[in-house]
Amino acid sequence: MNFEKKPFAPRQMIKGSWKCSECGKEITELPFEPSPDRPIYCRECWAKRRNRKFRR
Ligand SMILES: [Zn+2]
1283 MNFEKKPFAP RQMIKGSWKC SECGKEITEL PFEPSPDRPI YCRECWAKRR NRKFRR
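Using this note's numbering, read the sequence shown as starting at 1283 and increasing by one per residue.
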């Protein structure tokens, strides 16, 4: 097992303080740089939206 060698840069979590645009839950870190003009969702809402998208 070799967890230290990764083909990609390690996922960097950006720390901050945001609120989920859907449920209002506090978000303290994001795996990506948040855009000020875009809604931010917590993990749960992200998952929900994803499911909704792929649902047929
Ligand atoms: Zn949420």
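Here a beta-carbon is modelled for each residue, glycine too, at the ideal position from N, C-alpha and C.
Note that this is a predicted model, so its numbers are computed, not measured.
{"Query": "Under 8 angstroms: does the beta carbon of E1311 sit that close to some heavy atom of ligand 1?", "Result": "no"}
{"Query": "How many Å lie between C1324 and Q1294 at the Cα?", "Result": "16 angstroms"}
{"Query": "Given a cut-off of 9 angstroms, decide if E1311 and I1296 are closer than it, judged by their beta-carbon atoms.", "Result": "yes"}
{"Query": "E1308: which of R1334, S1317 and E1326 sits nearest, CA to CA?", "Result": "E1326"}
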